[in-house]
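Top to bottom, those sequences are chains A and B. With the working numbering, the residue at position 132 of the first sequence is 132, and numbering never jumps. With the working numbering, the residue at position 126 of the second sequence is 1126, and numbering never jumps.
Protein chains: 2
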Amino acid sequence: MDVLWDSEPAPARGPRRGLTREGIARAAIALADAEGLESIAMQRVAAALGVTKMALYRYVPGKAELVALMVDVGIGPVPDIAGTGRAALEAWSRALHAVFARHPWATTAVVGPRAVGPHELRWTERALAALAGTPFTGGEKLDAVAVLAGHVRAIAQQGAEEEIGQAMGAVLAARAGEFPEVSAAFADPGERNAALDFGLARILDGIDAEISRRS
Amino acid sequence: MDVLWDSEPAPARGPRRGLTREGIARAAIALADAEGLESIAMQRVAAALGVTKMALYRYVPGKAELVALMVDVGIGPVPDIAGTGRAALEAWSRALHAVFARHPWATTAVVGPRAVGPHELRWTERALAALAGTPFTGGEKLDAVAVLAGHVRAIAQQGAEEEIGQAMGAVLAARAGEFPEVSAAFADPGERNAALDFGLARILDGIDAEISRRS
DNA sequence: CAGAAACTGTGTCCGCTAGACACTGTGTAA
DNA sequence: TTACACAGTGTCTAGCGGACACAGTTTCTG
Chain A
1 MDVLWDSEPA PARGPRRGLT REGIARAAIA LADAEGLESI AMQRVAAALG VTKMALYRYV
61 PGKAELVALM VDVGIGPVPD IAGTGRAALE AWSRALHAVF ARHPWATTAV VGPRAVGPHE
121 LRWTERALAA LAGTPFTGGE KLDAVAVLAG HVRAIAQQGA EEEIGQAMGA VLAARAGEFP
181 EVSAAFADPG ERNAALDFGL ARILDGIDAE ISRRS
Chain B
1001 MDVLWDSEPA PARGPRRGLT REGIARAAIA LADAEGLESI AMQRVAAALG VTKMALYRYV
1061 PGKAELVALM VDVGIGPVPD IAGTGRAALE AWSRALHAVF ARHPWATTAV VGPRAVGPHE
1121 LRWTERALAA LAGTPFTGGE KLDAVAVLAG HVRAIAQQGA EEEIGQAMGA VLAARAGEFP
1181 EVSAAFADPG ERNAALDFGL ARILDGIDAE ISRRS
């Protein structure tokens, strides 16, 4: 995935380049924000930029790399977060959630084998820095960040799918007897939109508990 | 997604049906186990069954429904787990991890808007039952299950991508100065393959902590 | 017992996709 | 001035999901 890390090449001879990688990524992001990830086709991205699709292949080796670029540009620079410890981890998680809320397609674009770009790696760097001073090994710190990021991603995604809860409601209504716990859980929602907070609090509690246990 | 919940229709008149939904799903699962989710094409699944692709449309409305069916058949019946509480939740999570280990493609097939099948709902039912007696609201129980399932999925997926850690190693080697925490974390892995255990322990710790806090 | 009706699996077709490749025109370096 | 390197275009292929008409098979009905 050189496209994520190498700087834009400037041609020594020949016509000037009319596009930039970032411009292409931003056009694709705008398209995905409006119509979802499945609407991303080289044809459509190129049309949005006023060129033919084959022109894009001068900037990006293929569609997979374009999506990887979209993810890294869409995630954007890591936000300013103060200090370390629980508060910093929570702020980091909420900032990540805001990114996913802005770009819902990203929740599905970050799954599967893929390359990590500079923005994303700086986010990771920042989260690991918030864990400095804890008694965790490097692997454990990475695991802790993965748990937080995974939770945020899962919640952001489920927020974009609230309607499937209703679809499941129809199934459940006819089979409440077979699924008593699920039916009861849906009938007793508690506070609305608290899924992010709840999971975040439990994970951070668990991290804190282990830190004090080891010291 | 009637295909997941309705029973197989038996034709009153006409030729006997040569296939079954489950047979189709199992053929597709075998293909995906061997070659990944992106190798699933109606053409290839049909070829594996010795029919033309259009024959499949007599059993399944389209590819999305076939994948949903693959997921539900692949997840399979919920395992026997004893009791409630932390031990039951941990056993449930490990059983789910075993499923994902058996069918790596499922980790990417369960993301995005999709329907939930009977097997999957019975897994959810079982996990919620393990949370019976806790002071959590129904919504919170669902959140807790989502956190556990999300973690298991994320870890199973990362296990299938161990090679990208090496690819990232090349990037990091050239930029260790820019990413000191990430470099340090990768240089100090700690126990191998402990990611599942670590996150699971932290989440379950966090759940326990909240239960005792409320009582 | 004949014929209609319903159904399965096939063949053909369409629009769309990612991408390979040859080509034209442009700008710079020799 | 000429040759080279590069940008963007047009054309082509293989493969995809899926609509639709059709032939063959089985069963119910007149």
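For glycine and all other residues, C-beta sits at the position ideal for the given N, C-alpha and C.
The beta strand (DSSP E) runs lying completely inside the region 1096-1173 of chain B and spanning 3 residues or more number zero. Inside the region 1020-1058 of chain B, DSSP marks whole alpha helix (DSSP H) runs of 4 or more residues at positions 1021-1035, 1042-1049 and 1053-1056, from first to last along the chain. The three-state reading of DSSP puts A:Val73 in helix, counting H, G and I together. B:Pro1113 sits away from B:Leu1004, with the two beta carbons spaced by 8 Å or more. For A:Asp80, not one C-beta of chain B is nearer than 8 Å to its own C-beta. For A:Lys141, the residues of chain B that pass the 7 Å Cβ criterion are Ala1185, in the order they occur in the chain. The beta carbons of A:Leu142 and B:Ala1185 sit about 5 Å from each other, so the pair counts as a contact at 8 Å. Within chain B, Phe1179 and Val1182 have C-beta atoms less than 7 Å from the C-beta of A:Leu121, given in sequence order. The beta-carbon of B:Trp1005 is placed less than 8 Å from the nearest beta-carbon of chain A.
A Cβ-Cβ contact shorter than 8 Å links B:Leu1148 with B:Ser1093.
Taking one beta carbon from each stretch, the region 4-21 of chain A and the region 59-66 of chain A have 3 or more pairs nearer than 8 Å; the two touch. For A:Ile40, no chain B residue has a C-beta closer than 7 Å to its own C-beta; the minimum C-beta separation is roughly 14 Å. Rounded to the nearest angstrom, the gap between the Cα atoms of B:Ala1132 and A:Val45 is 50 Å. By the Cβ criterion, the region 1118-1130 of chain B is not in contact with the region 66-84 of chain A, since fewer than three pairs of Cβ atoms, one from each stretch, lie closer than 8 Å. For B:Arg1202, the enclosing alpha helix (DSSP H) starts and ends at Ala1195 to Arg1214.
C-alpha of A:Ala194 to C-alpha of A:Asp208: approximately 21 Å in a straight line. Counting only the Cα atoms, A:His103 lies some 8 Å from A:Ile29. Per DSSP, the continuous alpha helix (DSSP H) segment holding A:Phe186 begins and ends at Pro180 to Ala187. The three-state secondary structure of B:Gly1177, taken from DSSP, is coil. If you check the CB distance, A:Thr107 and A:Ala156 come in under 8 Å. A residue is called buried once 16 or more other Cβ atoms fall within 10 Å of its Cβ, and B:Gly1177, having fewer, is exposed.
Listed along the chain, the chain A residues whose CB falls inside 9 Å of the CB of B:Glu1035 amount to none; the nearest CB is some 14 Å away.
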